[in-house]
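Note that the UniProt record's numbering has the sequence shown beginning at 1, numbered continuously upward.
To start, the structure itself, in structure tokens.
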Amino acid sequence: MELKNQSSSTSGFILLGLSSRPQLQIPLFAIFLIMYLVTIVGNLLIILAIHSHSRLHTPMYFFLSNLSFMDICFTTVIVPKMLVNFLSESKGISYIGCLVQMYFFMALANTDSYLLASMAIDRLVAICNPFCYDVVMRPCRCLLMLLGSCTISHLHSLFRVLLMSRLSFCASHVIKHFFCDTQPVLKLSCSDTSSSQTVVMVETLTVITTPCLCILFSYLRIIVTVLRIPSAAGKWKAFSTCGSHLTVVALFYGSVIYVYFRPVSMYSVEDRVATVMYTVVTPMLNPFIYSLRNKDMKRGLRKLRDRILS
Numbered sequence: 001m002e003l004k005n006q007s008s009s010t011s012g013f014i015l016l017g018l019s020s021r022p023q024l025q026i027p028l029f030a031i032f033l034i035m036y037l038v039t040i041v042g043n044l045l046i047i048l049a050i051h052s053h054s055r056l057h058t059p060m061y062f063f064l065s066n067l068s069f070m071d072i073c074f075t076t077v078i079v080p081k082m083l084v085n086f087l088s089e090s091k092g093i094s095y096i097g098c099l100v101q102m103y104f105f106m107a108l109a110n111t112d113s114y115l116l117a118s119m120a121i122d123r124l125v126a127i128c129n130p131f132c133y134d135v136v137m138r139p140c141r142c143l144l145m146l147l148g149s150c151t152i153s154h155l156h157s158l159f160r161v162l163l164m165s166r167l168s169f170c171a172s173h174v175i176k177h178f179f180c181d182t183q184p185v186l187k188l189s190c191s192d193t194s195s196s197q198t199v200v201m202v203e204t205l206t207v208i209t210t211p212c213l214c215i216l217f218s219y220l221r222i223i224v225t226v227l228r229i230p231s232a233a234g235k236w237k238a239f240s241t242c243g244s245h246l247t248v249v250a251l252f253y254g255s256v257i258y259v260y261f262r263p264v265s266m267y268s269v270e271d272r273v274a275t276v277m278y279t280v281v282t283p284m285l286n287p288f289i290y291s292l293r294n295k296d297m298k299r300g301l302r303k304l305r306d307r308i309l310s
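Below you can see the structure in the form of structure tokens.
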């Protein structure tokens, strides 16, 4: 990169955060620290419960344990720096640190998206082709789906960060966000970002809509199949196995679509609040959503608790 008019490459950026009001920094620090600790503990319990209870050694819970692990990593990329900035006056992040944070944020967020799609496929096969379930959802195939999710997500993230590294930053260094996201960083560039925005939009549509369409197709097939079940009890039992997953999908994709499927010029303060939903709130809620209405998960957590206390 050229150093001319790019002082941000040496001095870095300033993360404005959720609020610039001094009186709100300590309360926000306390709130997000509690949310972060709940996220870490909750997702760790999900992982340990799944791995310690043989009844949970199924494809659905394989993907759920990996989703919990990704959520831990995902929040750790963002929240610790956010917490430090609440207590710091400088609120700075280096240029390289910003690109690294951006890379891992996008890679882990997209992996989450593909894991949610994999879980939808699992429900599709379980409900629509139950007799073929063990053949279709073999362990090796599940592992390939996981590796494919990670590979596609990291390639997408690498491409996006390389594109961002070619931009010049010569005006304000203040990122109006609590982490280095592409939309607010693009707004700071004094380069011509029209081509970059077009490439980013097309590539993002491809990467993000692929798992989204996969989820939609899966649930359309599931709905058609369930409606053919004659008994109301049978319909309820089939739908109940999808409730937790649908809740997480709605929370995750609802906020992602609101923030990213709009031009950079429309980015506003409200987008920061929406971003909190899928970066902090959803990873925190996932363990509760998947355990409160799941008998097998509750049994696994009880066994884990008994094992720890014994």
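C-beta: ideal position from N, C-alpha, C; glycine also.
Item: So Ile289 and Ser240 are supposed to be a Cβ contact under 8 Å. How far apart are they, rounded?; Value: With 8 Å as the limit, Ile289 and Ser240 do not qualify as a contact, their Cβ atoms being about 13 Å apart.
Item: With three or more beta-carbon pairs closer than 8 Å as the criterion, would you say the region 211-228 touches the region 156-165?; Value: no
Item: For Ser52, I'd like the list of residues in its chain whose CB is within less than 6 Å of its CB, leaving aside the five on either flank, ordered along the chain.; Value: Leu304
Item: Quick one: give me the first and last residue of the alpha helix (DSSP H) that Phe13 is part of.; Value: Note, Phe13: premise wrong, no alpha helix (DSSP H); beta strand (DSSP E) at Phe13 to Leu15.
Item: Out of curiosity, what's the CA-to-CA distance linking Gly12 and Ala233?; Value: 59 Å
Item: Taking only three categories from DSSP, how would you classify Ser7?; Value: Note on Ser7: pLDDT 42, under 50, position unreliable in the model; the coordinate value appears next. In the structure shown, Ser7 sits in coil (DSSP, three-state: anything other than H, G, I, E or B).
Item: What residue does the alpha helix (DSSP H) around Tyr95 start on, and which one ends it?; Value: Tyr95 to Cys128
Item: Between His156, Asn66 and Ala120, which has its C-alpha nearest Val202's C-alpha?; Value: His156
Item: Leaving out the 5 sequence neighbours to the left and right, which residues in its chain are closer than 6 Å to Tyr103 when beta-carbon positions are compared?; Value: Ser157 and Val161
Item: Do Cys142 and Ser118 count as a contact pair if the criterion is CB distance below 9 Å?; Value: yes
Item: Between the Cα of Cys180 and the Cα atoms of Leu220, Thr206, Gly97 and Ser191, which residue gives the shortest distance?; Value: Gly97
Item: Taking buried to mean at least 16 other C-beta atoms within 10 Å of its own C-beta, is Ala250 buried or exposed?; Value: exposed
Item: Quick one: does Lys187 have its CB under 9 Å from some CB of chain B?; Value: Among the chains in the structure shown there is no chain B, since it carries only a single protein chain.
Item: What three-state label does DSSP hand Ile229 in the structure shown?; Value: coil
Item: With contact counted as at least three CB pairs below 8 Å, one residue from each stretch, are the region 41-56 and the region 65-81 in contact?; Value: yes
Item: For Val276, which option in Ser310, Tyr253 and Tyr95 has the closest C-alpha, if you only look at C-alpha atoms?; Value: Tyr253
Item: Could you give the distance in angstroms between the alpha-carbon of Phe105 and the alpha-carbon of Ile78?; Value: 7 Å
Item: State the start and end residues of the unbroken alpha helix (DSSP H) segment that holds Leu33.; Value: Pro22 to Ser52
Item: Using the Cα positions of Gln23 and Phe86, report the straight-line distance between them to the nearest angstrom.; Value: 11 Å
Item: Under 9 Å between the Cβ atoms of Thr225 and Ala238?; Value: yes
Item: Less than 6 Å between C-beta atoms, sequence neighbours within five positions excluded: which residues of the same chain meet that for Cys128?; Value: Arg221 and Thr225
Item: Out of curiosity, what's the CA-to-CA distance linking Val259 and Phe32?; Value: 21 Å
Item: Whole angstroms are fine: how far does the CA of Arg123 sit from the CA of Met60?; Value: 8 Å
Item: Write down the C-beta distance between Asn286 and Leu67 rounded to the nearest angstrom, noting that I regard them as a contact closer than 8 Å.; Value: 7 Å
Item: Between which two residues does the alpha helix (DSSP H) carrying Leu147 extend?; Value: Pro139 to Ser165
Item: With which residues is Gly92 paired in a DSSP beta bridge?; Value: Ile14
Item: I'd like to confirm the pairing. Which residues does DSSP put opposite Val174 in its beta bridges?; Value: Ile14
Item: Can you grab the Cα-Cα spacing for the pair Cys190 / Leu16, in whole Å?; Value: 19 Å
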